[in-house]
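This note's numbering numbers the first residue of the sequence shown as 91 and each following residue consecutively.
Note that the Cβ used here is the ideal one computed from N, Cα and C, for glycine as well.
In what follows, a structure is listed as structure tokens, so that the remarks can point back to it.
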Amino acid sequence: MERYDHKSLEAKWQSHWEKEQTFKVSDKAPGERAYVLDMFPYPSAQGLHVGHPEGYTATDIYCRYLRMKGVNILHPMGWDAFGLPTENYAIKTGAHPRELTWQNIDNFRRQIKSFGFSYDWSREVNTADPTYYKWTQWLFLQLYKKGLAYRKEAPVNWCPSCQTVLANEQVVNGECERCHSQVEQRQMAQWFFKITDYAEALLKSLDGLDWPQSILDMQRNWIGKSEGAEVEFGIHDSEFKIRIFTTRLDTIFGATYMVLAPEHKLVQELKDKITNWREVQDYIQKTQKKTELERKAEEKSKTGVRLEGVEVINPANQEKIPVFIADYVLTSYGTGAIMAVPAHDERDWEFADRYGLKMVRVIEPRIDENFKWSIRHSGVSAAMAEGEDYKEVEKRIMHQHLDNIHSGSGCWIGEGKLMNSREFNGVSSEDARHEIAKKIGAKLTTQYRLRDWLISRQRYWGAPIPIIYCDPPAGGCGAVPVPAKDLPVELPMDVDFRPRGESPLVRSESFHKVSCPKCGAPARRESDTMDTFVDSSWYFLRYVDPQNNKKAFDAKPVKQWLPVNLYVGGAEHAVMHLLYARFITKALKDLGYIEFTEPFLKLRNQGLILGEDGQKMSKSRGNVVNPDEIVDKFGADTLRLYEMFLGPLEDSKPWNTSSIIGVRRFLERVWNFCQTDKKSNSKVDEALAIIARTIKKVTEDIEAFRFNTSIAALMEFINKLDDVSGNENVRRTLLILLYPFAPHITAELWQRCGFKGYVWEQDWPTYNKSALKSDTITITVQVNGKLRSSIQVAADAKESDVAQLAQADENVARHLVGKTIIRQVYVPGRLVNFVVE
Ligand code: ANZ
Ligand code: ZN
């Protein structure tokens, strides 16, 4: 027998697939379809890391499996190729971003092909290619026509030394992450997409998505819907009024002062009344140096200045209360002003405590499920010392809260009954919100935390925004969209792209000196480029029609393939990318270009692969594993199998080079198994049961994305059936089931066994239910002694497997939600009982 030489056989099958275009899919193919999408990578100079093939292997397994079930699969790959890292690298090295990007892409493509993924390479897209960004610009123009793209002055983070705008994430402790200069806030004209128009729609349709719960929560949180009220507080001795937004109108009798954001317009209007104007002005200036992110930071101490000479009247009890400016109140949320209720709001409490302001308790605490829930989610696990009982800690924290409140050293943020609130005393806080609104004439409103999407960047390596400014005195047409026939607006290649405070494109005369498309007068081109999130907000549409040079995409293939059935990628895109893609989808639907409102029906995240030391892989730690080396040494099949065998896809898990050898040995065993003719007659019955059970297990596990356990089942398969490895049925089953995971070795063995056709042309096997029966037993499942379900398990299943299966059962799961399992009773072969509280 020849030895298992992964190099030659992987090269052989990869070139076969490439030459035969095995995975190219036609729009015309009849039958069922599925669109399985990977988040496309940013082609960095470092090349792929081992985290990339984790998600890509998962989708590849799923695609290969579905194809064998007769489904037509659209499975494309491309490059999110514009962006800052490459531009910065270019600035440092003097190379051109275009050259670098194309080189990086070549490297990424080579690497990805070396893993043997079944992409339809005829659909490759590159967002930095004019044939792609022509349509990104077209998209901009569609939004512009609809009033969904607009320009306005907005505060931006400005680094005076790098001379550029920074994203919030690039500001660290108020400093530029690159040069550590103090970042300033500046007003600049910027382009926005009006995503806030879709806040409610983006929130609502989350309900129908099969996405991880944590990602749905993050999306909801980011959109941040708050139902509350707007109330006007009159200013004493003045005709001015101040509007505030509150979610807790029920606490208005406890409002002992008011706070305006330092930038609030009224502060300037009240200048003549304010007797400590100099101090106020100083504070406003200091605020300007802070970014919104810093101002929101929970742990920072609250500062502010009182507006001496100004008082407002609390409309609930007509009492005069003082007014402050403080940077913990933001201009961009609500009305930029709040009524402060220190007895019931933590930020207000901290502020009042610091400045010695009055506190009035108006809510009598009520400990209900809601409050317990919030305690549980914030404090308990953090406060739990080793060996302590969960319930005890929960109780302790709860009492601490109550003690704090009664001794006046803490605030109650939960619900309860009103007190110190005149005629509303005794009313529940929930009801009081409506009753008080009615009495004082407050308007019930809804606020969203979501802000419009700032899409302009004063950088070079992005898609130019297709707008021309026709300024007076020449033409005076204003901002004029570039006519569709003039797209793409190409990035000039001969530009000095070092950052100097304006877009580098301003320095290219040939780029920005143009004539007005409307009146022909001399005009200038917009020199900002688009945020790269715009490029990736629609790429899944381009894959269905990537060569179309008349349209961004044709309606017909879009209808055939979309929405995407399965989308897989890292959880770091939980908010921005997914929200933007959802928004663009909804906008395109309203523009009449597509017929669906959600782009990704099902989403799964791969977890981080950590270094061997359990830390995040990073160059500085020296714990980075290079996938090229692994493929070279062990082979792509081993790497694929190993990454799936590491643990559940969505978990973070450390790399372990010694266990990769175990996986390699398994493939070597498969290699020998399929080429050694053992045929024991006595084992045939047992073999049938194992075949049936393994088919069932692998099928169900692939469907549920439990790849680690399906691999375990295949390992068990060859352990148990070693004596009958010559049996054709055994061999065929093994090769077909293993093929999605390890496509090269199985293709080769299929051929060597002399089986007809190719392994991927086979039908996915079905199993014989009667063979299965003899091998499984029924276990009764109880929760607190009550019968809840019964499940089928393998006769030799371990207790931990039985418990896991039992907990996953729908009827059982329903009785376990929100409960803690404190004990588990197992009677082997008969019953499992979960004791919960
Ligand atoms: C009085 C009050 C009493 C409040 C109380 C809370 C608890 P969410 O839920 O996030 O929407 N607020 C309003 N506008 C603000 C701004 N521009 N900057 C900072 N804080 C602002 O939060 C709404 C609450 O945040 C509002 O309800 C207001 O404080 C504060 F026991 O009003 B509340
Ligand atoms: Zn003009």
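Through-space distance from residue j to residue i, alpha-carbon basis
{"i": "residue 713", "j": "residue 698", "result": "14 Å"}
{"i": "residue 418", "j": "residue 392", "result": "7 Å"}
{"i": "residue 660", "j": "residue 696", "result": "6 Å"}
{"i": "residue 415", "j": "residue 337", "result": "20 Å"}
{"i": "residue 113", "j": "residue 160", "result": "13 Å"}
{"i": "residue 427", "j": "residue 564", "result": "44 Å"}
{"i": "residue 425", "j": "residue 567", "result": "35 Å"}
{"i": "residue 535", "j": "residue 318", "result": "5 Å"}
{"i": "residue 348", "j": "residue 402", "result": "8 Å"}
{"i": "residue 646", "j": "residue 462", "result": "52 Å"}
{"i": "residue 914", "j": "residue 788", "result": "28 Å"}
{"i": "residue 280", "j": "residue 243", "result": "6 Å"}
{"i": "residue 576", "j": "residue 706", "result": "47 Å"}
{"i": "residue 917", "j": "residue 868", "result": "12 Å"}
{"i": "residue 926", "j": "residue 759", "result": "44 Å"}
{"i": "residue 359", "j": "residue 145", "result": "57 Å"}
{"i": "residue 638", "j": "residue 703", "result": "48 Å"}
Cβ shell of residue i (< 7 Å), same chain only, five flanking positions each side left out
{"i": "residue 601", "result": "582, 595, 615"}
{"i": "residue 780", "result": "807, 810, 811"}
{"i": "residue 220", "result": "578, 580"}
{"i": "residue 500", "result": "491, 494"}
{"i": "residue 871", "result": "878, 879, 880, 881, 896, 899, 902, 922"}
{"i": "residue 666", "result": "623"}
8 Å CB neighbourhood of residue i in its chain, flanking five on each side removed
{"i": "residue 621", "result": "543, 544, 545, 546, 547, 552"}
{"i": "residue 235", "result": "571"}
{"i": "residue 156", "result": "124, 126, 163"}
{"i": "residue 271", "result": "249, 250, 251, 252, 265"}
{"i": "residue 866", "result": "783, 882, 883, 884, 885"}
{"i": "residue 195", "result": "133, 169, 171, 216"}
Residues near residue i in its chain [Cβ-Cβ closer than 6 Å; skip 5 each side]
{"i": "residue 261", "result": "247, 273, 381"}
{"i": "residue 593", "result": "548, 617, 618"}
{"i": "residue 732", "result": "750, 753"}
{"i": "residue 430", "result": "347, 349, 438"}
{"i": "residue 692", "result": "300, 656"}
Buried versus exposed call for residue i [16 or more other C-beta atoms within 10 Å across all chains shown]
{"i": "residue 224", "result": "buried"}
{"i": "residue 764", "result": "buried"}
{"i": "residue 635", "result": "buried"}
{"i": "residue 269", "result": "exposed"}
{"i": "residue 227", "result": "buried"}
{"i": "residue 904", "result": "exposed"}
{"i": "residue 766", "result": "exposed"}
{"i": "residue 168", "result": "buried"}
{"i": "residue 877", "result": "exposed"}
{"i": "residue 511", "result": "buried"}
{"i": "residue 655", "result": "buried"}
{"i": "residue 395", "result": "buried"}
{"i": "residue 309", "result": "buried"}
{"i": "residue 202", "result": "buried"}
{"i": "residue 648", "result": "buried"}
{"i": "residue 365", "result": "exposed"}
Reference residue i, options the options, closest by Cα
{"i": "residue 778", "options": "292, 856, 731", "result": "856"}
{"i": "residue 97", "options": "114, 726, 292, 398", "result": "726"}
{"i": "residue 143", "options": "755, 823, 206, 850", "result": "206"}
{"i": "residue 102", "options": "908, 879, 839, 657", "result": "839"}
{"i": "residue 399", "options": "406, 412, 850, 407", "result": "412"}
{"i": "residue 818", "options": "774, 923, 240, 799", "result": "774"}
{"i": "residue 148", "options": "801, 361, 454, 679", "result": "801"}
{"i": "residue 853", "options": "829, 557, 861, 202", "result": "829"}
{"i": "residue 107", "options": "307, 212, 306, 822", "result": "212"}
N-terminal and C-terminal residue of the alpha helix (DSSP H) that residue i is part of
{"i": "residue 222", "result": "220–235"}
{"i": "residue 820", "result": "818–828"}
{"i": "residue 752", "result": "747–763"}
{"i": "residue 533", "result": "Note, residue 533: premise wrong, no alpha helix (DSSP H); beta strand (DSSP E) at 533–538."}
{"i": "residue 851", "result": "It is not in any alpha helix (DSSP H) - residue 851 carries neither H nor E in the DSSP assignment."}
Beta strand (DSSP E) segment containing residue i, residue limits
{"i": "residue 559", "result": "557–560"}
{"i": "residue 82", "result": "With the chain represented from 91 up to 927, any question about residue 82 goes unanswered, as that position is not in the structure."}
{"i": "residue 884", "result": "876–884"}
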